[in-house]
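What follows is a set of notes on a single structure, which appears directly below.
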Amino acid sequence: MDQKLIRNFSIVAHIDHGKSTLADRLLQRAGAISDRDLKEQVLDDMELERERGITIKASAVSIDMPVDGETYMFNLIDTPGHVDFHYEVDRAMAACDGALLVVDATQGVQAQTVANAYAAIGNDLEIIPVINKIDLPGAQPEDTALEVEHVLGIDAEHVQFVSAKTGEGVEELVRAIAKVLPPPKGDAGAPLQALVFDSVYDDYRGVICYLRIANGTIRKGQKVLLMGRARHYVVTELGKFRPAMTPVASLSAGEVGYMVANLKKLQDVTVGDTVTDALAPAAEALPGYDPPAQMVFCDFYPAGGEEYSELRDALNRLSLNDGSFTFQPENSDALGFGFRCGFLGLLHMDIVQERLEREAGVDIVQTAPSVSYEVLLRDGKVQRVDAAGDLPTPDKIEELREPIVETQMIIPAESVGPIMALAEQRRGEYKSQEYLSPQRVMLTYEFPFNEILYDFYDKLKSATRGYGTMDYHVVGYRASDLVKVQLLVNGQSVDALSFICHRSAADRRGRRILHRLRQEIGRQLFEIVLQAAIGSKVIARETLKPLRKNVTAKCYGGDVTRKRKLLEKQKAGKKRMKTIGRVDIPQKAFMVILEPED
């Protein structure tokens, strides 16, 4: 196809602003799906995506779109809206020349809208702002367009007004995509350079690479070189998503499609790698991506020790289709053998756990999640620590650093006071305040990531009566007065329950967690002592009294020494049981660290 008639663009927006529904309307307008096959969110084909009503994985599709007598090729990528999957949005933008920035006419510009707009500008993309949901009774399309102009600096005259649900305005949007978005650059006659912007695993064909051809042409049967891995493969299948996989003979500069080339494992290909001709390779690789940085870590243990191999196999299978989480073997005195897993955020962790339990049928004991820290050792080396149990001894530590995130919160003007008070409680550092309109304000703060990880978003929603939104990104690590709080059960440290926190909060959190643990751990026949300690200093203690059998019940009168002898015998037995007795800690006990403090 003539390169001038190709349009590569992604659809980006805040959560639930209508990206996937707009993609449905564009597919329907092009005739890519029949009315009989049409269902809501066609491109969200994962079961969890359809259940939760969110996009987890970016989906690419190529459609032939007739516009004013010409047939254009629209290569669109529907992207996730949740902040945990922002790396998917970044990868999609690198494969595009433009972006549709969708904004809900009833909600206006939200935190993720601002983040996506800045990401698109950073990738030098042409942006078409799209005001969606104009059919709703509470819609304020003109006010929203002015807000887009004020906040993002995009001229309100370029805004397209649509209703993705009813199809109103879609015809005008299609014309704008054809006329406003630029065609892809690139030379079909130059040496082959193709960017791998995603990959998935198929049980029958192996790894399927999603490609954006920057220069040259790739053909079926061609011998290609993956420049990052320096390995050669033969292309066995090429195709496009229409939206079903449709084989083609070749893909040229500016086109988007997929490649199958006998890649056996997902680890054989790196997202961001460059595919080139093995016989006439390109002089240099395309600029790729930084690998996604795992920021949240927790341990997965099988509920029954005998299921360790099943858990390992399930994690291996899942990693074939989600290369953004990591796992490595871990051993705990309390829980046995398991795996330390790294995730992009709490939602990502939740989805991985649910997929493990559903798809593999593995029962999991999950420890409380934590963030990663940097440790400057006395010998000058910097070490990254993902769990409290891995922290070096205090005599080796020169400085302990925690991750800092810059957070944008868009809230109603009347909620500024409560949100500032909440930010102060969470050690937030004020950066700026901007009025988007007389009713809405954008606050920018820097927080320690650990302070906003668990329940901050819930408290933000509560303080703003559901109208507040937030977006964050990691800006680096900063030294802080952090300590490791060990939790001991009968004198034995349980690393899975230990945590790192700021010294000012250690005493309060230690007492609160012990109080909750006491309620979760059932009484035994022997005394259980729960302690929180910083180093050798115990800062909190709770005691579970033992269940006691009335051993003197059968003694009716007689010499008191008989009763005393039975009680002493019972006491000695309980003392012996305390030294050898094993305390079973239920799954819920590991999650009390996450529960809100109020």
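Residue numbers (numbering that gives the first Met the number 0): 0 to 597.
Glycine included, each C-beta is placed from N, C-alpha and C at the ideal position.
Computed from a predicted structure; not experimentally measured.
What did DSSP end up calling residue i once you bin it into helix, strand or coil?
i, result
"Leu-250", "strand"
"Ala-277", "coil"
"Asn-261", "coil"
"Asp-63", "strand"
"Gln-221", "coil"
"Glu-236", "strand"
"Ala-531", "strand"
"Met-294", "coil"
"Pro-391", "coil"
"Gly-490", "coil"
"Pro-128", "strand"
"Glu-603", "What the structure shows of the chain is the stretch from 0 to 597, and residue 603 is not part of that stretch, so it cannot be assessed."
"Glu-87", "helix"
"Gly-465", "coil"
"Lys-184", "coil"
"Tyr-307", "helix"
"Ile-212", "strand"
"Ala-163", "coil"
"Ile-509", "Ile is not the amino acid found at residue 509; the sequence shown has Gly there. Correct three-state label for Gly-509: helix."
"Gln-352", "helix"
"Pro-447", "strand"
"Glu-541", "strand"
"Val-268", "coil"
"Arg-425", "coil"
"Leu-334", "coil"
Bridge partners for residue i per DSSP, in chain order?
i, result
"Val-374", "Gln-382 and Leu-399"
"Ala-144", "DSSP, once it has assigned bridges, lists no residue as partnering Ala-144."
"Cys-554", "BP columns for Cys-554 are empty, so no partner."
"Met-72", "Ile-5 and Asp-63"
"Tyr-434", "Val-440"
"Tyr-300", "Val-364"
"Ile-409", "Met-441 and Thr-468"
"Gly-475", "Ile-403"
"Gln-139", "Gln-139 is not bridged to any residue."
Going along the chain, which residues of its own chain have a beta-carbon closer than 6 Å to the beta-carbon of residue i, five neighbours each way excluded?
i, result
"Asp-626", "Past the edges of the chain, shown from 0 to 597, lies residue 626, and the structure says nothing about it."
"Arg-540", "Gln-530"
"Gly-271", "Gly-287 and Tyr-288"
"Ala-359", "Ala-313"
"Ala-279", "Pro-190"
"Asp-201", "Ile-207"
"Asn-115", "Val-11"
"Tyr-257", "Ile-207, Tyr-209 and Gly-238"
"Leu-310", "Pro-301 and Val-361"
"Val-474", "Ile-403 and Glu-405"
"Asn-214", "Gly-185, Asp-186, Ala-189, Gln-192 and Ala-252"
Within 10 angstroms of the Cβ of residue i, are there 16 or more other Cβ atoms? Answer buried if so, exposed if not.
i, result
"Thr-392", "exposed"
"Arg-90", "buried"
"His-514", "exposed"
"Cys-297", "buried"
"Leu-210", "buried"
"Asp-154", "exposed"
"Leu-450", "For the sequence presented, residue 450 should be read as Glu rather than Leu. Buried, since its Cβ has 16 or more Cβ neighbours within 10 Å."
"Arg-507", "exposed"
"Cys-554", "exposed"
"Arg-339", "buried"
"His-472", "exposed"
"Asp-558", "exposed"
"Val-268", "buried"
"Pro-140", "buried"
"Lys-3", "exposed"
"Arg-477", "exposed"
"Tyr-434", "exposed"
"Leu-225", "buried"
"Pro-79", "buried"
Going along the chain, which residues of its own chain have a beta-carbon closer than 8 Å to the beta-carbon of residue i, five neighbours each way excluded?
i, result
"Val-295", "Gly-341, Phe-342, Leu-343, Gly-344, Leu-345, His-347, Met-348, Pro-368, Ser-369, Val-370 and Leu-452"
"Gly-17", "Val-101, Asp-103, Asn-131, Lys-132, Ala-163 and Lys-164"
"Gly-227", "Thr-269, Gly-271, Asp-272, Thr-273, Ala-284 and Gly-287"
"Arg-241", "Ala-31, Val-60, Ser-61 and Ile-62"
Would residue i count as contacting chain D if we go by Cβ distances under 8 Å?
i, result
"Ser-308", "Included in the structure is just one protein chain, with no chain D present."
Can you list, in chain order, the residues of its chain whose CB lies under 7 Å from that of residue i, leaving out five sequence neighbours each side?
i, result
"Phe-299", "Leu-310, Gly-337, Phe-338, Cys-340, Ile-363 and Gln-365"
Report yes or no: do the stretch 436 to 455 and the stretch 391 to 408 share at least 3 C-beta pairs separated by less than 8 Å? yes
Does the pairing of the stretch 422 to 434 with the stretch 377 to 389 give three or more beta-carbon distances under 8 Å? no
Check whether the stretch 197 to 214 touches the stretch 119 to 130, counting contact only when three or more Cβ pairs, one atom from each stretch, lie closer than 8 Å. no
Does the stretch 131 to 146 come into contact with the stretch 6 to 26, if we say contact requires no fewer than three beta-carbon pairs (one atom in each stretch) closer than 8 Å? yes
On the three-pair Cβ rule with 8 Å, is the stretch 166 to 179 touching the stretch 145 to 153? no
Would you be able to state if there are at least three C-beta pairs under 8 Å between the stretch 436 to 443 and the stretch 411 to 423? yes
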